[in-house]
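K.L.:
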Ligand code: PEP
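Residue numbers (my numbering): 350 to 603.
(1) Smallest Cα separation from residue 581: which of 600, 594, 567, 588?
(2) Measure the Cβ-Cβ separation of residue 583 and residue 561 and say whether it is below 8 angstroms.
(3) Report buried or exposed for residue 366, applying the criterion of at least 16 other Cβ atoms within 10 angstroms of its Cβ.
(4) For residue 462, is the classification buried or exposed, using 16 other Cβ atoms within 10 angstroms of its Cβ as the cut-off for buried?
(5) Would you mind stating whether residue 501 and residue 440 have Cβ atoms separated by less than 8 angstroms?
(6) Can you say whether residue 361 is buried or exposed, counting buried as having 16 or more other CB atoms within 10 angstroms of its CB?
(7) Any beta-carbon of chain D closer than 8 angstroms to the one on residue 546?
(8) Considering only residues of the region 459-496, which uninterrupted beta strand (DSSP E) runs meet the minimum length of 3 residues and lie entirely inside it, listed in chain order?
(9) Should residue 389 and residue 372 be called a contact, given that it needs their Cβ atoms to be closer than 8 angstroms?
(10) Assign residue 536 to buried or exposed, taking buried as 16 or more other Cβ atoms, counted over all protein chains shown, within 10 Å of its Cβ.
(11) Among the candidates 542, 543, 408, 498, whose CA atom is the shortest distance from the CA of residue 458?
(12) Return the CA-CA distance between residue 426 and residue 473, expressed in angstroms with no decimal places.
(13) Taking just the CA atoms, how far does residue 413 sit from residue 364?
(14) Buried or exposed: where does residue 524 fall if 16 or more other Cβ atoms within 10 Å of its Cβ makes it buried?
(15) Cβ atoms of residue 443 and residue 477: under 8 angstroms apart, would you say?
(16) Is DSSP giving residue 331 helix, strand or coil here?
(17) Among 358, 468, 483, which residue has its Cα nearest to the Cα of residue 431?
(18) Please list the terminal residues of the continuous beta strand (DSSP E) segment that includes residue 546.
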């Protein structure tokens, strides 16, 4: 039984003081995490201590949007997975398409980041997804499966709850375009079957596979209807308390 995860990727938005207000308003609005869903917020690094303080005891998890491929050392500007974990974070996104695109992060680097996250006790949320021209060529599934397996090279999660995969078609991120629920399900199923080849059927059956890309309250229920889609990685719609709280309620059919 996979508990759906609704994770909000704030990207480079909000100050620490804005985050403090947001967390409080969100907890008031939600009135407690409903049973049957997990909720996580992924703010930028300077906001993580605020998340740790304000979300403590609420049942809402938090995590980072990236971690270094190195554990410690002379790597100016990098943030260690151990630093993030020490704050009480649960998750770290690795391989988000914005990092793959703007910082040219390849799947080998993403795999190193996933390993450091696991070593530090974090759960990597590993993102994969194709560009529009790849989909138009009809190559989306082999591309995403290849990217997934390359990004998992040497990555050995000790249990299926220590890995989350997010399928995020690049053309759907921040564009208002969403994959059809059918396309999201077909890709989630292909991802799960690749995970079965990599880690075994039982393991793959328990790993959560999220969809991400212009999720909003108006489309989330249909996307979640796919039996292999276990929640959402949400950018824009996680910035407003009302829309993010609504997504959480939708994830449990409230
Ligand atoms: C994301 O950044 O992971 C994302 C899915 O963004 P958006 O929901 O804004 O498309």
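Built from N, CA and C at the ideal position, the CB exists for glycine as well.
P.N.:
In terms of the structure at hand:
(1) 600
(2) yes
(3) exposed
(4) buried
(5) no
(6) exposed
(7) Absent from the structure is chain D; it holds one protein chain and no more.
(8) 472-477
(9) no
(10) buried
(11) 498
(12) 20 angstroms
(13) 15 angstroms
(14) exposed
(15) no
(16) Given that the chain is displayed from residue 350 to residue 603, the structure contains no residue 331 and the question cannot be resolved.
(17) 468
(18) First-last for residue 546: 530-548, but that is the alpha helix (DSSP H), not the beta strand (DSSP E).
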